[in-house]
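Input: a single structure, listed below in structure tokens.
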Amino acid sequence: MFKLITVALTSLLLSVSCTKKQKTEYGLDHKETLKINITTEPPTLDWSKSTDTTSALIQDNIMEGLVDYNFDDPDLSLKPSLAKEWSSTNKEQTWTFTLRKGVKWTDGVELTPQHVVDGWERLLSPATASEYAYFLYGIKNASKYNKGEIKDFKEVGVKINDKGQIVVELEGPQSYFPYLLTHHCTYPVRKDIIAKHGDRWTNPANIVTLGAYNLKTWEHDKAIVLERNENYYGEKAKTKNILAYMIKEASTAITLFETGKLDVQGNLPSAELKALKKKPEFKQNGILLLYYYGMNTTKPPLNNVNFRKAISHAINRDEITTMLDGGQKPMTSWVPPGMFGFEPEKGTKFNPSKAKEFLAKAGYNEENKPPKIELAYNTNEDHKRIAENVQAQLKKHLGVTVEIKNEEWKSYLGKLKSNTPHIYRMGWVADFPDPDNFLNLMTSYSDNNHTNWGNPQFDTLIKKAVSVDKKEERRELYSKAQKILTEQDVPVIPIYSGVSHLLINKRVQNYPMNVMGRRKFKEVVLK
């Protein structure tokens, strides 16, 4: 089924020592080590700056936020983490958090409320240039501080009271504010460590953390080793080590899984799913994820809204999900199914006739053919299959020539920031289960919006919806916002909602599978 690439695997195979214990690479005991594949090098482990799920997976295991998800609750309630309790007053406009006592960083320094405030100040500081700074814009004056309109962080609505509690004053009521604090960008930081080591503060020898695991080894472009934090404040991790390989080729990784060298392999290639589904180790679950194409609205011809509408109408999402055959649901709206605000009827539907009409409105016809456009994606077999399908559809339905380009993840993210191509692939996994998390992504002030598009009316709707406590009123505001985004201005093309596919070795118990796609390994048990 899968081609064995013996030479390429040599450096990744387990070595068996002459002693009684079976060893993995890095001298780890096989019986105490969960071996996973994160596929690529994390762009950064600086949790104030990272924006991707690969970095977040590592950060979520070496750090924690004030609160965490209770995935045993189908309603995704919150449970205490670094904060032992929290409450709101003033109609959910003021929030107070009380930290646990005795929580210590890995260098023995006790966690303080100031470390939390320092993390938020660093996130919002213009000097940090965090793409997630907007995450805390609900806090009084946070946006002004981030934009440099005010210089003193003391004017931002975050204070430590005389009881040592963190008191947060918001611009308006925000019922879901605590959910934001599950996200890595809001984690506490140690300013002294960052000042001492500069950009190298996340190296294993320098970093200090609070989570169930420590960062032991980071061999760039090959593997990361996490080791159980024996001084963790909570129940100790049940598995001692996490060995996270960075194996880009899915066929190589699946071969490693089949020969016992990997315990878990995700990112399964859609071309192999039919066969892989028959394996007892195959697992699948739906996640709150949107797979989409963004369009650079300042780069001709995509600066013409009619051309963008033509592109969106010319793509048959059903054809793509049928090709993938992994349970994905085709989408034309923006908020994924399973979340409040999902409106499947919204968006530009597949309609080749309408696509040609909009192409003509954009000024293109048989005599004046549309120019070639570039479609970019980060290296991945399925991203390639989808790009090639879209390339063929646009040629067939519009006569548009598409040039496909791919780059490794870190380089790809850099390209989106510096020179966004005509069309780019991206996905968004829910940071918290609320439509604001998906729609805020496309506001003009979001650094995660690479389309160069902004609409004041859209921004106003999103800002207003945050402070509305009536559910149906919020739904109406988000409905109007989705109409602007996916029907009126069309800077983006939703493709499908996501499903997670994994191969999990039978020796692995309690592997984390949830709708948020969060992978925290402290409950994993190895048989």
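Positions in the sequence shown are counted from 1; adding 12 to them yields my numbering.
Ideal Cβ positions, reconstructed from N, Cα and C, are used throughout, including at glycine.
Remember, it's a predicted structure, so these values are computed and weren't measured experimentally.
Item, Value
"For Gln-494, three-class secondary structure by DSSP", "helix"
"Classification of His-232 by the beta-carbon crowding that lies within 10 angstroms, buried from 16 upward", "exposed"
"Reference Thr-455, options Val-504, Lys-483 and Lys-417, closest by Cα", "Val-504"
"Beta-carbon proximity list for Pro-185, same chain, < 7 Å, skipping 5 on both sides", "Lys-103, Glu-104, Gln-105, Ser-479 and Asp-481"
"Beta-carbon spacing of Ala-279, Thr-51 below 8 Å", "Reading off the sequence shown, one finds Asn at residue 279, where the question assumed Ala. Going by C-beta atoms, Asn-279 is nearer than 8 Å to Thr-51."
"Under the three-state DSSP convention, the category Leu-515 falls into", "strand"
"contact_flag[the segment 437-452, the segment 343-352] where n(CB pairs < 8 Å) is 3 or more", "yes"
"Cα-Cα separation, Arg-320 to Phe-470", "18 Å"
"Spatial distance of Lys-408 from Leu-515 (CA atoms)", "37 Å"
"Under 8 Å between C-beta atoms of Glu-386 and Lys-417", "yes"
"Inter-residue spacing [alpha-carbon to alpha-carbon] between Leu-428 and Thr-66", "17 Å"
"Coil, strand or helix - Lys-234 by DSSP", "coil"
"Span of the beta strand (DSSP E), counted from its first residue to its last, around Leu-40", "Leu-40 -> no beta strand (DSSP E), and no H or E assigned at all."
"Inter-stretch contact (C-beta, 8 Å, three-pair minimum) for the segment 357-364 and the segment 324-335", "yes"
"First through last residue of the beta strand (DSSP E) which encompasses Gln-126", "Counting along the chain, Gln-126 falls outside any beta strand (DSSP E), though it belongs to the alpha helix (DSSP H) covering 125-136."
"Whole-angstrom distance between Leu-302 and Asn-467, CA atom to CA atom", "21 Å"
"Own chain partners of Thr-221 with C-beta closer than 6 Å, once the 5 adjacent residues on each side are dropped", "Ile-74, Met-75 and Thr-118"
"Cut-off 8 Å between Cβ atoms - residues of its own chain near Gln-403, not counting five sequence neighbours on either side", "Leu-387, Val-414 and Ile-416"
"Every unbroken beta strand (DSSP E) inside the segment 140-178 [3 residues or more]", "170-172"
"Same chain, Cβ closer than 8 Å to Pro-356, five either side skipped, listed in chain order", "Met-343, Thr-344, Ser-345 and Pro-349"
"Beta-carbon gap between Leu-182 and Lys-152 smaller than 8 Å", "yes"
"Between the CA atoms of Ile-70 and Met-528 - distance to the nearest angstrom", "15 Å"
"Beta bridge counterpart(s) of Ser-100 as assigned by DSSP", "Trp-107"
"Option nearest Pro-524 by Cα separation, candidates Lys-483, Ala-287, Val-276 and Gly-339", "Val-276"
"Proximity test, Met-528 beta-carbon vs the ligand HEM heavy atom, cut-off 7 Å", "Looking at this structure, you won't find the ligand HEM or any other ligand, since it has none at all."
"Neighbourhood of Tyr-245 by C-beta, 6 Å cutoff - its chain only, sequence neighbours within 5 removed", "Val-115"
"Boundaries (first-last residue) of the alpha helix (DSSP H) holding Val-476", "Residue 476 is actually Lys in this sequence, not Val. Taken as a continuous stretch (DSSP letters only), the alpha helix (DSSP H) holding Lys-476 covers 468-478."
"C-beta atoms of Leu-300 and Thr-198 nearer than 8 Å", "no"
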